[in-house]
Structure formats: structure tokens, C-alpha cells
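A.B. asks: I have a structure here, written as C-alpha cells, and I will follow up with some questions on it.
2 protein chains.
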Amino acid sequence: MDLTETQIDTALVYDGNFIQVYKDHARLPDGSIGMREYIKHPGAVAVLALLDNGNLVMERQFRYSPRQEFIEIPAGKIDHGEEILLTAQRELLEETGHVAREWIHLTTAWPCIGFSDEKIEYFLARGLTHQGRQLDEGEFLEVFELSLAEAIEWIRLGKITDSKTIVGLFWLEKYLKGWGE
Amino acid sequence: MDLTETQIDTALVYDGNFIQVYKDHARLPDGSIGMREYIKHPGAVAVLALLDNGNLVMERQFRYSPRQEFIEIPAGKIDHGEEILLTAQRELLEETGHVAREWIHLTTAWPCIGFSDEKIEYFLARGLTHQGRQLDEGEFLEVFELSLAEAIEWIRLGKITDSKTIVGLFWLEKYLKGWGE
Chain A
692 MDLTETQIDT ALVYDGNFIQ VYKDHARLPD GSIGMREYIK HPGAVAVLAL
742 LDNGNLVMER QFRYSPRQEF IEIPAGKIDH GEEILLTAQR ELLEETGHVA
792 REWIHLTTAW PCIGFSDEKI EYFLARGLTH QGRQLDEGEF LEVFELSLAE
842 AIEWIRLGKI TDSKTIVGLF WLEKYLKGWG E
Chain B
692 MDLTETQIDT ALVYDGNFIQ VYKDHARLPD GSIGMREYIK HPGAVAVLAL
742 LDNGNLVMER QFRYSPRQEF IEIPAGKIDH GEEILLTAQR ELLEETGHVA
792 REWIHLTTAW PCIGFSDEKI EYFLARGLTH QGRQLDEGEF LEVFELSLAE
842 AIEWIRLGKI TDSKTIVGLF WLEKYLKGWG E
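Quick mapping for you: the protein sequence lines, in order, are chains A and B. So for the first sequence, my numbering puts the first residue at 692; every next one is plus one. So for the second sequence, my numbering puts the first residue at 692; every next one is plus one.
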């Protein structure tokens, strides 16, 4: 069955500082016309930053929308026209002060397909050296180290509940084991 | 360091059919005032529906925001005031036609903390029997079976890229193995 929904028209119905909402009419699979409302997003990167001592570089950050702190991997939005590897390198440096010798693209995942076109590009960064971080204005976060085994345990315990971070950590564990048992 | 950001004021700046955008002023950790823009979401459930033959009940669905099809686990929004287990039972029945004898709450994860307060409650459903599905108007999806091993392989291959589904499948694999190696 062809499930494709085809755009008929589109309108920018809210143009905010960070959020743009679009409302479209679309032709649905049964031929009827439906309304679709969604957020356009520039996309993001997330970085599994593996230190030579085997620990990951992690962040503790307060997130205003859900009004609580989260444990996260370094991540950030793609600037307009920016190549994704450069975004990953920029965000890792800005947020944690690290540069990496080796960069491997792990996967692409879509965090909220119900109402946004955001996609996240995951990178593994190795061969890290520390310079100094340069946080964006209005950005506050703490950086700390955590082993992958501890991080997986924190997922089990519900201490790590950010989906972007859970996807990254599980993927990294599989990748490092060669996807075997 | 206390990273808490405290609400000063709030305004509903876009009130759509499915999306509500709020713009707040908040006191930031350094004492300055910042602007925070975000989507309020009622929350959602996602269901790992495990058949007696060992396969999972999966869905193929076109998602308009990213303009492509995704392989997903059954999921849906919480209706106002609805108990989360009832949401899970309702969505599984509506989308796949299954009822389950056993329900286990697995975890809670937050899919897009950068701009939404959405959280997803994950359930494992076992002891399934098939009745008939009752899709919402304007909802089109195909249901099929997939083993957990195949699903994990589809994550590796990039055939499953929905973060909600990746989190659920990895979590289920760990859960069924007792979180050991």
C-alpha cells in the first residue's frame, strides 16, 4: 500500500526566535485532504566522545522545556549550510573544550517524527585532546566523565532518560562489540 | 553548580490544532534573563508488543514532517487526563488490533528536550490476542511482524531510524537478557 502524503499547500503560521511552525494541506493515501502541522528544524549532531582512558565525555544540563536536568552526550544544532562534521567538531569544542584526531559517522536518527523534521547525525570522536571550551551565550552545562558501562547502568536506572543520549550510548556499545552478542 | 532556570513569565504565542508554542522569560543560572521558546506536549506511550511466536508487532507509516516512511513500534499521544496504561492499551488496539494479557512498564524517555516537554512511556505487552483495529481518521499505517534480532539488524542497517523505536528495541533486548552481557 502506498502511504505517501503529498503536499498541496504550505504556510508559515508561527515564525519565532527558535521555532518555526508550518501548517500544510496534504493529499492523504485515501485521496482525502488532511491538515499537517509541524516544526521545521535545521538538524543536529550528537557526539560520542571517547577519551583515551576509556571514559565518555558527558554533560549535565538543565532543559527548560521539561523543567529538569538531563545527563546528555554533547550535541547541537547545525548552522545554516554547515557541513555536519564541522558542526560536530564545533559543538564538541564549544561545549567540552575537546578536539579529536578521529571522527567516525555512526548513524542518523529522527527524534520526533510526529511533529518535526529534525534529524540527528551521530559521530564517534576518538583521540581527544583538551583545549578550552567556549559556551554560547545563555548556555550553561557541566562536563564530566563516565564509563560506557556506567552509562548503560544509568540508562537501566532511569538516570539517563534523554532519547538522543540513549540512542547514542546503545549504538556505541553495539559498534564497539561489532554488533555481536 | 545549580543549573536551574526559573520561569519569570509565560505566553502562549501559537495555538494550533496540534501544536502549542510557548515563549517564556526565565532567570538563568548566572542571574541574567533569557528567552525560552518551546512546544507543550501531552506525552505519549510506545508499546513493545511481543507475540507468542517471538515476533514483535511493528508498523510502517508515512510521516509528513520528515516526508518519508518509518518503521515504528505502536505509539500514540496521551489523551487529556488518561491513565498511561489505558493509553497504551487503547493505542495498541486501535493501531494493530491486539489486546494483551500482560503489561510491564519498561521506562520513560524524553525524545526532544531541546524544544519540547514530551515524554514517552514504554510498555512491554505480552500474551497478545488479535481482535480488529480501529484507526483514527486521517491515520494510515501497515502492521507487520519482525523478530527482535531482525529489528536490531535493521537498526544497524539504517532501516529503522525512528529514535522512539530504537530506544524501545534496544531497551527490550537488554530487558530480555536481564541487562547482562
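Beta carbons: idealized from backbone N, C-alpha and C, even for Gly.
(1) Is Tyr813 (chain B) near Ala737 (chain B), with beta carbons less than 8 Å apart?
(2) By the 10 Å Cβ neighbour count, where 16 or more other Cβ atoms means buried, how is Leu776 (chain A) classified, buried or exposed?
(3) Which residues, in order along the region 786 to 807 of chain B, keep a beta-carbon less than 9 Å from a beta-carbon of chain A?
(4) Taking Thr856 (chain B) as the reference, give the member of B:Ala702, B:Gly823 and B:Gly767 with the closest Cα.
(5) Express the C-alpha separation of Ile811 (chain A) and His732 (chain A) in angstroms, rounding to a whole number.
(6) Can you tell me which of B:Val834, B:Leu694 and B:Ile843 puts its alpha carbon nearest to the alpha carbon of Arg751 (chain A)?
(7) With distances taken from CA atoms, which of B:Thr798, B:Asp770, B:Leu815 and B:His821 is nearest Val790 (chain B)?
(8) Between which residues of its own chain and Leu719 (chain B) is the CB-CB distance below 8 Å, once the five residues before and five after are set aside?
(9) Hey, is Gln752 (chain A)'s beta-carbon within less than 8 Å of any beta-carbon in chain B?
(10) Leaving aside the five residues before and after Ile843 (chain B) along the sequence, list all residues of the same chain whose C-beta is less than 7 Å from its C-beta, in chain order.
(11) Please say whether Thr852 (chain B) and Trp801 (chain A) have beta carbons closer to each other than 8 Å?
(12) From Thr778 (chain A) to Asp770 (chain A), what does the alpha carbon distance come to, in whole angstroms?
(13) When the distance is taken between beta carbons, is Ile710 (chain A) closer than 8 Å to Pro757 (chain B)?
(14) Which term fits Gln780 (chain B), buried or exposed, when burial requires 16 or more other beta carbons within 10 angstroms of its beta carbon?
(15) Give me the chain A residues within the contact set of Met692 (chain B), using Cβ-Cβ distance strictly less than 7 Å, ordered along the chain.
(16) Give me the subset of the region 723 to 741 of chain A whose CB atoms are less than 9 Å from a CB atom of chain B, sorted by chain position.
(17) Taking Leu826 (chain B) as the reference, give the member of B:Leu867, B:Leu784 and B:Lys850 with the closest Cα.
(18) Quick one: residues in its chain with C-beta nearer than 7 Å to the C-beta of Asn746 (chain A), no 5 flanking neighbours on either side, listed in chain order?
(19) Opposite Gln698 (chain A) in the DSSP bridges: which residues?
(20) Give me the residue from A:Asp706, A:Arg824, A:Gln759 and A:Gly869 with the minimum Cα distance to Glu782 (chain A).
(21) So if DSSP puts Ser807 (chain B) in a beta bridge, which residue, or which two residues, is it bridged to?
(22) List, in order along the chain, the chain A residues whose C-beta lies closer than 9 Å to that of Ala717 (chain B)?
(23) For Phe874 (chain B), which three-state DSSP category applies?
(24) Following the continuous beta strand (DSSP E) through Gln680 (chain B), name the residue where it begins and the one where it ends.
(25) Please name the residue, chosen from A:Gly849, A:Tyr713 and A:Asn744, that lies closest to Ile797 (chain B) on a Cα-to-Cα basis.
(26) Would you list the one or two residues that DSSP bridges to His789 (chain A)?
(27) With DSSP as the reference, please indicate the residues paired to Leu739 (chain B) in a beta bridge.
(28) Return the residue from the list B:Gly707, B:Ser723 and B:Arg727 that minimises the CA-CA distance to Ser807 (chain B).
(29) The beta strand (DSSP E) with Phe753 (chain A) in it runs from where to where?
(30) Quick check: the Cα distance between Gly734 (chain A) and Glu774 (chain A), rounded to an integer number of angstroms?
(31) Around the Cβ of Trp870 (chain A), are there at least 16 other Cβ atoms within 10 angstroms (buried) or fewer (exposed)?
C.D. replies: Looking at the coordinates:
(1) Mapped onto the second sequence, residue 813 (chain B) falls at position 122. Mapped onto the second sequence, residue 737 (chain B) falls at position 46. Closer than 8 Å, so yes.
(2) Residue numbering aside, residue 776 (chain A) sits at position 85 when the first sequence is read from its first letter. Burial call: exposed.
(3) Thr798, Thr799, Ala800, Trp801, Pro802, Cys803, Ile804, Gly805, Phe806 and Ser807
(4) What you label residue 856 (chain B) is simply residue 165 of the second sequence in a count that begins at 1. Nearest option by C-alpha distance: B:Gly767.
(5) Stepping through the first sequence from its first residue, residue 732 (chain A) is reached at position 41. Stepping through the first sequence from its first residue, residue 811 (chain A) is reached at position 120. If I take the Cα positions, the gap works out to 10 Å.
(6) Walking along the first sequence from the start, residue 751 (chain A) turns up at place 60. Nearest of B:Val834, B:Leu694 and B:Ile843 to Arg751 (chain A), Cα basis: B:Leu694.
(7) Here residue 790 (chain B) corresponds to residue number 99 of the second sequence, with the count starting at 1. For Val790 (chain B), the nearest C-alpha among the options comes from B:His821.
(8) Here residue 719 (chain B) corresponds to residue number 28 of the second sequence, with the count starting at 1. Taken in chain order, the residues that qualify are Glu696 and Gly725.
(9) As a working mapping, residue 752 (chain A) is identified with position 61 in the first sequence. Yes, because at least one Cβ of chain B sits closer than 8 Å to the Cβ of Gln752 (chain A).
(10) Taking the second sequence and counting its residues from 1, one reaches residue 843 (chain B) at position 152. The answer, listed in chain order, is Leu860 and Glu864.
(11) Stepping through the first sequence from its first residue, residue 801 (chain A) is reached at position 110. Stepping through the second sequence from its first residue, residue 852 (chain B) is reached at position 161. Cβ atoms of Trp801 (chain A) and Thr852 (chain B): closer than 8 Å.
(12) Walking along the first sequence from the start, residue 778 (chain A) turns up at place 87. Walking along the first sequence from the start, residue 770 (chain A) turns up at place 79. Looking at the two C-alpha atoms, the distance is approximately 7 Å.
(13) Sequence index remark: in the second sequence, residue 757 (chain B) carries index 66 (1-based). Sequence index remark: in the first sequence, residue 710 (chain A) carries index 19 (1-based). Taking 8 Å as the Cβ cut-off, Pro757 (chain B) and Ile710 (chain A) do not qualify as a contacting pair.
(14) Looking up residue 780 (chain B) in the second sequence gives position 89. Buried, since its Cβ has 16 or more Cβ neighbours within 10 Å.
(15) The residue given as residue 692 (chain B) occupies position 1 in the second sequence. Per Cβ cutoff of 7 Å: Glu833.
(16) From the region 723 to 741 of chain A, only Ser723, Gly725, Met726, Arg727, Glu728, Tyr729, Ile730, Lys731, His732 and Ala735 have a Cβ closer than 9 Å to chain B.
(17) As a first step, residue 826 (chain B) must be located in the second sequence, where it is residue number 135. The shortest Cα separation from Leu826 (chain B) among B:Leu867, B:Leu784 and B:Lys850 belongs to B:Leu784.
(18) One-based indexing of the first sequence puts residue 746 (chain A) at position 55. So the qualifying residues of the chain are Glu836, Leu837 and Ser838.
(19) Looking up residue 698 (chain A) in the first sequence gives position 7. Bridge partners of Gln698 (chain A): A:Ala717.
(20) Start at 1 with the first residue of the first sequence, and residue 782 (chain A) comes out as number 91. Closest by alpha carbon: A:Arg824.
(21) Translated into the one-based positions of the second sequence, residue 807 (chain B) becomes position 116. The beta-bridge partner set that DSSP reports for Ser807 (chain B) consists of B:Ile730.
(22) Along the second sequence, read from residue 1 onward, the residue named residue 717 (chain B) stands at position 26. Within chain A, the residues near Ala717 (chain B) are Tyr755.
(23) An answer regarding residue 874 (chain B) cannot be provided, because it is not within the stretch 692 to 872 covered by chain B.
(24) Outside the shown range of chain B, which is 692 to 872, sits residue 680 (chain B), and nothing can be said about it.
(25) To locate residue 797 (chain B), count along the second sequence from 1; it is residue 106. Note on residue identity: the sequence assigns Leu, not Ile, to residue 797 (chain B). Ranking the options by Cα distance to Leu797 (chain B), first place goes to A:Gly849.
(26) Locating residue 789 (chain A) in the first sequence gives position 98, counting from the first residue. Its beta-bridge partners are A:His821.
(27) The count along the second sequence starts at 1 and reaches residue 739 (chain B) at position 48. In DSSP, Leu739 (chain B) forms a bridge with B:Leu815.
(28) Stepping through the second sequence from its first residue, residue 807 (chain B) is reached at position 116. Out of B:Gly707, B:Ser723 and B:Arg727, B:Arg727 has the C-alpha closest to the C-alpha of Ser807 (chain B).
(29) For the purposes of this step, residue 753 (chain A) is taken as the residue at position 62 of the first sequence. Its beta strand (DSSP E) spans residues Asn746 to Arg754.
(30) For the purposes of this step, residue 734 (chain A) is taken as residue 43 along the first sequence, with counting starting at 1. For the purposes of this step, residue 774 (chain A) is taken as residue 83 along the first sequence, with counting starting at 1. For Gly734 (chain A) and Glu774 (chain A), the distance between alpha carbons rounds to 11 Å.
(31) Within the first sequence, the letter at position 179 stands for residue 870 (chain A). Counting Cβ neighbours within 10 Å, Trp870 (chain A) comes out exposed, since fewer than 16 surround it.
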